[in-house]
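In this text, residue positions in the sequence shown follow my numbering: the first is 491, and each later residue adds one. Glycine is no exception: its CB is placed at the ideal position from the N, C-alpha and C atoms.
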Amino acid sequence: MTKPADKIIVALDVPSKDDALRLVEQLQPNVSFFKIGLELYTAEGPDIVRAVLGNGANVFLDLKLHDIPNTVARAVESASKLGLQMLTIHLSGGTEMIRAAVAAKKAKMSILGVTVLTSATQQTLDELGVGEQLDRHVSRLANLGHSAGVDGLVASPFEVKFLRAEFGDKIKLVSPGVRPRWSEQGDQKRTMTPREAIEAGADYLVIGRPITAHKNPREALEKILDELK
Ligand code: C5P
491 MTKPADKIIV
501 ALDVPSKDDA
511 LRLVEQLQPN
521 VSFFKIGLEL
531 YTAEGPDIVR
541 AVLGNGANVF
551 LDLKLHDIPN
561 TVARAVESAS
571 KLGLQMLTIH
581 LSGGTEMIRA
591 AVAAKKAKMS
601 ILGVTVLTSA
611 TQQTLDELGV
621 GEQLDRHVSR
631 LANLGHSAGV
641 DGLVASPFEV
651 KFLRAEFGDK
661 IKLVSPGVRP
671 RWSEQGDQKR
681 TMTPREAIEA
691 GADYLVIGRP
701 ITAHKNPREA
711 LEKILDELK
């Protein structure tokens with residue numbers, strides 16, 4: 491059985507390489523998967539990916555790619571050459587874009603599809619003229635992703651429940667929007683505790699601020715790992 495520590499991906503949502511590597515150093519004894527997102531990648535570029543990989547950790551590059559198929563494919567190709575483990579694309583880019591992304595990998599790397607961001611609500615979808623219930627829309631995008639060949643999906647813990655029922659073990663499910671009871675919600679609207687999210691069927695939990703914004707990140711991570719035992 492997978493250890494709780496192997497299910498946690500810490501989101502390095504910090505502005506600089508120094509901040510990021512300090513967190514990796516503090517947390518790596520307990521976890522080995524780190525997510526690099528837009529803030530850090532825009533500031534530091536592929537060097538930060540190489541530095542985290544160089545520490546022996548795994549990298550989830552969360553660029554949420556969404557562009558014309560050729561541009562996304564070329565970006566996927568470049569990312570896969572860095573030797574990282576997971577990369578995200580937006581499934582709302584459509585089948586042609588997703589297929590181009592999946593076909594462009596040059597090395598073993600999971601392509602994860604983002605359905606609906608966990609900060610979004612029904613109101614957000616209505617505002618965009620989506621004209622569908624949030625759950626229905628998540629399921630539509632998930633099916634699009636699955637048939638076009640993605641390895642996994644990023645989804646809130648609430649969606650993980652029905653996605654696990656719908657796809658069984660055919661797909662990896664990665665959940666952000668996780669909050670221990672003792673931490674702030676922030677802008678996340680649909681959250682569950684780490685334990686609830688695992689019980690709902692998540693393979694991996696992406697946790698950022700509850701750990702990284704805590705006055706003692708290592709202590710926060712250890713508390714979460716304890717709660718998962
Ligand atoms: O700090 P927090 O725990 O909310 O961080 C969650 C991380 O997961 C952020 O880096 C955010 O960009 C990412 N994420 C998300 N919802 C998605 C996909 C990614 O919150 N659907």
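From residue i to residue j, what does the alpha carbon distance come to, in whole angstroms?
i	j	result
Met587	Glu567	14 Å
Val644	Val664	5 Å
Gln575	Asn633	23 Å
Lys705	Asn548	24 Å
Leu618	His580	16 Å
Ile661	Glu515	31 Å
Gly544	Glu534	15 Å
Cβ of residue i within 9 Å of Cβ of residue j?
i	j	result
Ala541	Leu553	no
Pro684	Pro670	yes
Thr681	Ala501	no
Lys497	Leu653	no
State yes or no: is the C-beta of residue i nearer than 8 Å to some heavy atom of ligand 1?
i	result
Gln612	no
Lys525	yes
Arg671	no
Arg630	no
Leu607	yes
Ile667	A small fix is needed here, since residue 667 is Gly in this sequence, not Ile. Yes, Cβ of Gly667 sits closer than 8 Å to a heavy atom of ligand 1.
Lys554	yes
Arg699	yes
Gln678	yes
Leu501	Reading off the sequence shown, one finds Ala at residue 501, where the question assumed Leu. Ala501 Cβ: within cutoff of ligand 1.
Ser506	no
Val521	no
Thr683	no
Helix, strand or coil: which one does DSSP assign to residue i?
i	result
Val562	helix
Leu572	coil
Ala710	helix
Gly642	strand
Lys679	coil
Thr578	strand
Val668	strand
Ala500	Before going on, a small fix: residue 500 reads as Val here, not Ala. Note: Val500 maps to strand in three-state DSSP.
Val596	Note that residue 596 corresponds to Lys in the displayed sequence, not to Val. In this structure, Lys596 counts as coil in the three-state DSSP scheme.
Pro700	helix
Would you kindly report the start and end of the unbroken alpha helix (DSSP H) that includes residue i?
i	result
Gly603	No alpha helix (DSSP H) holds Gly603; the beta strand (DSSP E) holding it covers 600-604.
Val650	647-657
Mind checking which residues open and close the beta strand (DSSP E) that includes residue i?
i	result
Ser665	662-665
Asn548	548-555
Val696	694-697
Lys525	523-526
Compute the minimum distance between the beta carbon of residue i and the heavy atoms of ligand 3, and state whether it is under 8 Å.
i	result
Asn548	Absence of ligand 3 is noted for the structure shown, with ligand 1 being the only ligands found.
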